[in-house]
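> So the protein sequences, as listed, match chains F and A.
Residue 8 is where the first sequence starts when you use the working numbering, and the numbers rise one by one after that.
Residue 8 is where the second sequence starts when you use the working numbering, and the numbers rise one by one after that.
Don't be surprised by glycine CBs; every beta carbon is placed ideally from N, CA and C.
Nothing here was measured: the structure is a model prediction, and the numbers come from that model.
Protein chains: 2
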Amino acid sequence: MLNKIKSPKDLKKIEVKNLPSLCDEIRQALITKISIQGGHLAPNLGIVELTTAIHYVYNAPVDKIVFDVSHQTYVHKMLTGRAKAFTDTKHYHDVNGFSNPAESPYDLFTLGHTSTALSLACGLAKARDLQKQQHHIVTVIGDGSLSGGQAYEALNNIVEQGGNIVVIVNDNAMSIAENHGGYYQNLAKLRATNGTSQDNFFRALGLNYVYEPNGNDVQALLKTLQKVKDCTTPTVVHVHTTKGYGYEPAVTNPEIFHYTAPFEVATGTHKADNHADNYIEITYEYLRRNMTKDTKLVAITAATPRAIGFSTERRAQANKQFVDVGIAEEHAVAFAAGLAKGGAHPVFGVQGSFLQRSFDQLHQDLALDNNPATLLVIGDNVHGMGGSTHNGFYDIVQLGNIPNLLYLAPISKQNYLQMLDWSIKQTQYSVAIRVPDAVIDDPLPLTKQFTPDARVVVAGEEVAIIAVGSTFPLAQKVVTALQKQNFHPTLIDPVCVSRIDEKLLSKIAKKHRLVITLEEGALAGGFGQRVAAYYGDQNIKVHNFGFSVGLTQDFEPEAFLKQNGMTVANITKYVLNALK
Amino acid sequence: MLNKIKSPKDLKKIEVKNLPSLCDEIRQALITKISIQGGHLAPNLGIVELTTAIHYVYNAPVDKIVFDVSHQTYVHKMLTGRAKAFTDTKHYHDVNGFSNPAESPYDLFTLGHTSTALSLACGLAKARDLQKQQHHIVTVIGDGSLSGGQAYEALNNIVEQGGNIVVIVNDNAMSIAENHGGYYQNLAKLRATNGTSQDNFFRALGLNYVYEPNGNDVQALLKTLQKVKDCTTPTVVHVHTTKGYGYEPAVTNPEIFHYTAPFEVATGTHKADNHADNYIEITYEYLRRNMTKDTKLVAITAATPRAIGFSTERRAQANKQFVDVGIAEEHAVAFAAGLAKGGAHPVFGVQGSFLQRSFDQLHQDLALDNNPATLLVIGDNVHGMGGSTHNGFYDIVQLGNIPNLLYLAPISKQNYLQMLDWSIKQTQYSVAIRVPDAVIDDPLPLTKQFTPDARVVVAGEEVAIIAVGSTFPLAQKVVTALQKQNFHPTLIDPVCVSRIDEKLLSKIAKKHRLVITLEEGALAGGFGQRVAAYYGDQNIKVHNFGFSVGLTQDFEPEAFLKQNGMTVANITKYVLNALK
Chain F
8 MLNKIKSPKD LKKIEVKNLP SLCDEIRQAL ITKISIQGGH LAPNLGIVEL TTAIHYVYNA
68 PVDKIVFDVS HQTYVHKMLT GRAKAFTDTK HYHDVNGFSN PAESPYDLFT LGHTSTALSL
128 ACGLAKARDL QKQQHHIVTV IGDGSLSGGQ AYEALNNIVE QGGNIVVIVN DNAMSIAENH
188 GGYYQNLAKL RATNGTSQDN FFRALGLNYV YEPNGNDVQA LLKTLQKVKD CTTPTVVHVH
248 TTKGYGYEPA VTNPEIFHYT APFEVATGTH KADNHADNYI EITYEYLRRN MTKDTKLVAI
308 TAATPRAIGF STERRAQANK QFVDVGIAEE HAVAFAAGLA KGGAHPVFGV QGSFLQRSFD
368 QLHQDLALDN NPATLLVIGD NVHGMGGSTH NGFYDIVQLG NIPNLLYLAP ISKQNYLQML
428 DWSIKQTQYS VAIRVPDAVI DDPLPLTKQF TPDARVVVAG EEVAIIAVGS TFPLAQKVVT
488 ALQKQNFHPT LIDPVCVSRI DEKLLSKIAK KHRLVITLEE GALAGGFGQR VAAYYGDQNI
548 KVHNFGFSVG LTQDFEPEAF LKQNGMTVAN ITKYVLNALK
Chain A
8 MLNKIKSPKD LKKIEVKNLP SLCDEIRQAL ITKISIQGGH LAPNLGIVEL TTAIHYVYNA
68 PVDKIVFDVS HQTYVHKMLT GRAKAFTDTK HYHDVNGFSN PAESPYDLFT LGHTSTALSL
128 ACGLAKARDL QKQQHHIVTV IGDGSLSGGQ AYEALNNIVE QGGNIVVIVN DNAMSIAENH
188 GGYYQNLAKL RATNGTSQDN FFRALGLNYV YEPNGNDVQA LLKTLQKVKD CTTPTVVHVH
248 TTKGYGYEPA VTNPEIFHYT APFEVATGTH KADNHADNYI EITYEYLRRN MTKDTKLVAI
308 TAATPRAIGF STERRAQANK QFVDVGIAEE HAVAFAAGLA KGGAHPVFGV QGSFLQRSFD
368 QLHQDLALDN NPATLLVIGD NVHGMGGSTH NGFYDIVQLG NIPNLLYLAP ISKQNYLQML
428 DWSIKQTQYS VAIRVPDAVI DDPLPLTKQF TPDARVVVAG EEVAIIAVGS TFPLAQKVVT
488 ALQKQNFHPT LIDPVCVSRI DEKLLSKIAK KHRLVITLEE GALAGGFGQR VAAYYGDQNI
548 KVHNFGFSVG LTQDFEPEAF LKQNGMTVAN ITKYVLNALK
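This is how it looks when you write it as structure tokens:
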């Protein structure tokens, strides 16, 4: 049936009684494709019936459907003309893993961060009402995403705005890991009472509320959605689904199968991980070891505990010294500031892309008072989470330009551990550390005491290369290439990217006529431009290498580096030309 | 009595029956000082009794008190050793208007933005528990601030964390203007039912809940606080206060007296405003005129409607074409994106300092899909809201480095109106406009069609000055000064600060050997550094003028400009030296 569905119109030709078979077909396609290619398995398995029911009841694209975070839109894609991308291996790459207006008019927004759909839908509803249009608005948000403050802001406004809008809360009782916070206790109570509990978060905010316990029963969902579709005041449909539904390994282990690498379908096993050494384990090991010695050390996550190595067992072991605040990056930063002020030693590990939520809190709550918390900024390099919605290329823009905040970019394992250790033990600075991707050894012996000053790794003349963090191996190769051409480049590790080491830069100016900067991040507002500005009125030339091309597109790391001129050949060529 | 209180210990020596007289004394001091100097009057008048009761019951600084946003801490300052700053005109300037650790150990954090106190207090409580300390934690948040998503994130986490923490909700049924959103309907219901309504937002989240209807009765407050002080699970005390209590003009008009300029105490009248022309009125007039023609035009505010000229009457007049989302900047930006996607023409006017909340939404929801909304960024210049917590110096860092977003910096009234009009009518770009401070006329005739390219205002040679928005009058004076020395500087209005006009810059390089950039904003990550980077490996020198000194301190505009070298004399001297 699936391959015959070119649009929701075709879906509606299928008899209701046959929809469960269609759902089976969809589920098989999901399992097969994701087992080969990897992807968000458990969230999509849980929402097969709900997505089918939505498209059966609503009339997209006239009616507007907005899926929050949109990693659960694989089924939506199948039902809106993109089935082949899930049933035909040759077409697997026709679609990306998120809602994507470039793919289809059924996808209204490029989405990837959580908790925004209700605001977007609220805007769509207002635009409809201003234009006196008649279509329906429906938005789907997971229970995990509802811990994000923006979702609450939107609920408040949806109530005040009024009119037709249906908010479907897809409650699978899970975030990526387990849920945290008072709000989740209320969801649990509502599930336990079949939606009848007097304590009701949604009703308290003034929303109509409907509970649907059978979130993986397509026929039950059809009935419920048909009832609420034409509501004239905002209505929440609280749907209880099962994350991973229909694939036993994913139901048993929804955290592992939230986003999964390729796996064996029959057993649900993953290929053994060959990474002998990675920063997740290095970080976890450091924290574990030090937590026993330092009972004031607290690790914090905003719903992505595994990004710093905290599996279920390890979380239990760390006990009160591990806090998952839920999807709540704004709170997380200010919470860390409060902990630091109170004398504790907080370490908040977070993907740089998600930390964008905390720009203001970093300024105001954390750095303005120099509260000595430590942030670990994860994945902000070309090999981190790719794609237009998840690239971590603005962290230096964000963290590198805040007065008082010390943003460190280690180049090696030894360097990283020394910074981390120093940061936790000091009480003068708010510190963020840009956790690199590849684990390499430091080219220099460890200093006794860490200082955030730049380090000269190779002393030379004429040209100096300043290589930020993860670009260091590339810089080393450029140095070698230039040495083969009888040049003697200087190689510098800047260590800190939130200030420039003026003492060293001034010294450099004497024996060099060209400075090259390398950073895996956006050029505009980045580190290199500060160096260029420092030398602006001196007799030394500066050229910045970093990213300006393709920042808003999905990309492959090596191609992206090449596109932005970040290759040994191109950088070497530039230097040779400039020194002519 | 007030002047004898050197610390809360002295307060506790006063008999309970005499506290109302003390409150009267405090209130008189507030009215007198603020009538002379200006300040946050109504919020402080409303909280006199509550603050007195808190310091009577709690044992600060051992017990930790955190006031959200902290513009209501005048009374707290009086009771913690700083009474003179309110009773003695010679000492009026001893304190600033916000919680300030540099002033007193009773002020734990430098605060100014809303909705963060609960997160900070949650962190303090966790730090206490990790260290097995025994003190109490109490935090005070206004009903207005509770619409901010971060406060909701914090409430969720406070519940999960457990332990002793009291959250006092100071409910005066007002934000700066009236409140908006579903949550406020619940507060109103709770007030109307004396706290007994079954729909209860706080209980739904799992908090203990106590209602205190007499929020301006110090003795009633004492009893309530004594009851909850030693709670072992998180407790909300919902206190109903009257904004402006005890001063009739402020009670009658709490929006006007939220933050007030000097006024006449007897009548509550303000000196006539002599500003014949200002951007608030210019903006309002434009919007009003166009709203009737364009029914899809919607003005949006996040609880500061008067920043774009919308008084109570004007809000009523604009009706459905004006939306106050409450303190909810994250939602506001995504809401605007949804409106734009739906075909409406949203204009979100917001103080740049508060827009820092929306860094991620600007990237992801607004600009990634080029949703054609218009943002008006207000007060981001040296004459905007001053102080370490409210300066608007990071807007170019934030908005100028987002791919796809067009950030425009008008230099004149005509320029501004043309940009605004163009922005609302186009459908290709997400646009933000940096609203200037001083209203000046444009030095050039209006172009027929607006384009975001740089404009040469004075064509010259040797030195080119690129002056961003509000720095234009300064640049004009520098040009005049240089002309007197027989130089012929070029003067450029960059128009757009989120890209550099490479065509023009490349042309400039031919006849000039020095480029000066001027911006009222942080240098690091700003516009000037992009210009410096562009010219980095060319034979032209660049020097950036902007702010790097005193960014984290309170300041006076003229002194601050001078401190950062932004004076005619200093810039002229620099140029003359460099061209020698």
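1. Alpha carbon to alpha carbon, what distance is there between A/Leu137 and F/Val389?
2. Looking at the C-beta of A/Gln421, does it have a partner C-beta in chain F at a distance below 8 Å?
3. Following the continuous alpha helix (DSSP H) through F/Asp224, name the residue where it begins and the one where it ends.
4. If you reduce the DSSP assignment to three classes, tell me which class A/Asp567 lands in.
5. Output needed in chain order: residues of the region 279-303 of chain F with a Cβ under 9 Å from some Cβ in chain A.
6. Take A/Asp460 as the anchor and find which of A/Lys491, A/Val504 and A/Gln435 has the nearest alpha-carbon.
7. CB A/Ile473 to CB A/Val522, shorter than 8 Å?
8. Indicate whether A/Thr248 and A/Leu453 have their beta-carbon atoms separated by less than 8 Å.
9. Of all the beta strand (DSSP E) runs that stay within the bounds of the region 345-402 of chain F, which reach a length of 3 or more residues?
10. What does the alpha-carbon distance come out to for the pair F/Leu568 and F/Thr574?
11. Could you have a look at F/Arg537 and say whether DSSP puts it in helix, strand or coil?
12. The beta strand (DSSP E) spanning F/Arg321 covers which residue range?
13. Between F/His338 and chain A, is the shortest Cβ-Cβ distance under 8 Å, so that the two count as touching?
14. List in chain order: all unbroken alpha helix (DSSP H) runs of 4+ residues lying wholly within the region 239-271 of chain F.
15. Where do the ends of the beta strand (DSSP E) carrying F/Lys236 lie?
16. In terms of DSSP beta bridges, what is A/Gly46 paired with?
17. Just confirm the distance between the C-beta atoms of F/Leu131 and F/His62, as a whole number of angstroms; I'd bet it's less than 8 Å.
18. Taking 6 Å as the limit between beta carbons, can you name the residues of its chain near F/Ser365, skipping five residues before and five after?
19. Below 8 Å, how does it come out for the region 413-423 of chain F and the region 268-279 of chain F: are there three or more Cβ pairs, yes or no?
20. Who are the Cβ neighbours of A/Glu527 in its own chain at under 6 Å, not counting the five residues just before and after it?
21. Using only the alpha-carbon positions, how far apart do A/Asp224 and A/Tyr113 sit?
22. Any Cβ of chain F within less than 8 Å of the Cβ of A/Ile133?
23. Report all residues from its chain with a CB closer than 8 Å to the CB of F/Thr290; omit the five preceding and five following residues, and keep chain order.
24. Taking Cβ positions, are F/His265 and F/His47 nearer each other than 8 Å?
25. Is the CB of F/Phe264 under 8 Å away from at least one CB in chain A?
26. Enumerate in chain order the residues of its own chain whose CB-to-CB distance from F/Asn207 is below 8 Å, with the five nearest sequence positions on each side excluded.
27. Against F/Leu232, what residues of chain A qualify as contacts under a CB-to-CB distance less than 7 Å, listed in chain order?
28. Compute the Euclidean distance between the alpha carbons of F/Pro241 and F/Ile148, then round it to the nearest angstrom.
29. Cβ of A/Ser154 less than 8 Å from any chain F Cβ?
30. From F/Asn25 to F/Lys11, what distance separates their C-alpha atoms?
31. Since F/Ile431 is in the alpha helix (DSSP H), which residue starts that stretch and which ends it?
32. At a Cβ threshold of 8 Å, is A/Lys548 touching chain F?
33. So, is the C-beta of A/Asn215 closer than 8 Å to a C-beta in chain F?
34. Around the C-beta of F/Thr87, are 16 or more other C-beta atoms found within 10 angstroms, so that it is buried, or is it exposed?
35. To the nearest whole angstrom, what separates the beta carbons of A/Gly2 and A/Gln570, a pair I think is in contact under 8 Å?
36. Using DSSP's beta-bridge definition, name the partner residues of A/Thr308.
Working from what's here:
1. Computed Cα separation, rounded: 38 Å.
2. Judged by the 8 Å Cβ criterion, A/Gln421 is not in contact with chain F.
3. Element bounds for F/Asp224: n/a, residue is neither H nor E.
4. It should be pointed out that residue 567 of chain A corresponds to Phe in this sequence rather than to Asp. It is helical.
5. When CB distances to chain A are screened at a threshold of 9 Å, the residues of the region 279-303 of chain F falling below it are Thr302 and Lys303, in chain order.
6. Measuring C-alpha to C-alpha distances from A/Asp460 to each of A/Lys491, A/Val504 and A/Gln435 identifies A/Val504 as the nearest.
7. Contact: yes.
8. For A/Thr248 and A/Leu453, no; Cβs fall outside 8 Å.
9. If only complete runs of 3 or more residues are kept, the region 345-402 of chain F shows the beta strand (DSSP E) at 352-358 and 381-385, in order along the chain.
10. Rounded to the nearest whole angstrom, the C-alpha separation of F/Leu568 and F/Thr574 is 7 Å.
11. Note: F/Arg537 maps to helix in three-state DSSP.
12. Element bounds for F/Arg321: not the beta strand (DSSP E) but the alpha helix (DSSP H), Thr319 to Ala325.
13. So, interface residue.
14. Taking only runs of at least 4 residues, the alpha helix (DSSP H) segments lying wholly in the region 239-271 of chain F are 255-259.
15. Unbroken run through F/Lys236: none, as it is neither H nor E.
16. By DSSP's assignment, A/Gly46 forms a beta bridge with A/Thr267.
17. Going by Cβ atoms, the distance from F/Leu131 to F/His62 rounds to 17 Å, so no, they are not a contact pair.
18. Hits under 6 Å: Glu336, Glu337 and Val340.
19. Touching, no, given that fewer than three Cβ pairs across the two stretches are closer than 8 Å.
20. The residues are Asn388, Val389, Ser477 and Thr478.
21. Rounded to whole angstroms, A/Asp224 to A/Tyr113 spans 24 Å at the Cα level.
22. Note on residue identity: the sequence assigns Lys, not Ile, to residue 133 of chain A. Output row for A/Lys133: interface = yes.
23. If we look at F/Thr290 and ignore the five residues flanking it on each side, its Cβ neighbours are Ile315, Gly316, Gly356, Leu383, Leu427 and Val442.
24. For F/His265 and F/His47, yes; Cβs fall inside 8 Å.
25. Answer no: the Cβ-Cβ gap between F/Phe264 and chain A never drops below 8 Å.
26. Cβ-Cβ distances below 8 Å link F/Asn207 to Asn193, Leu197 and Tyr216 in the same chain, with the five nearest sequence neighbours on each side left out; the list follows chain order.
27. Those do not exist, as F/Leu232 stays about 22 Å from chain A at its closest Cβ, beyond 7 Å.
28. Taking the CA atoms as reference points, F/Pro241 sits about 15 Å from F/Ile148.
29. Taking CB atoms only, A/Ser154 has a neighbour in chain F less than 8 Å away.
30. One Cα belongs to F/Asn25, the other to F/Lys11, and the distance between them is close to 14 Å.
31. Its alpha helix (DSSP H) spans residues Lys420 to Lys432.
32. Yes, A/Lys548 lies at the interface with chain F (some Cβ there is under 8 Å from its Cβ).
33. It does not: the Cβ of A/Asn215 has no partner Cβ on chain F nearer than 8 Å.
34. A residue is called buried once 16 or more other Cβ atoms fall within 10 Å of its Cβ, and F/Thr87 is buried on that count.
35. Residue 2 of chain A falls outside the range modelled here, since chain A spans only 8 to 587, and no answer is possible.
36. According to DSSP, A/Thr308 bridges with A/Asp331.
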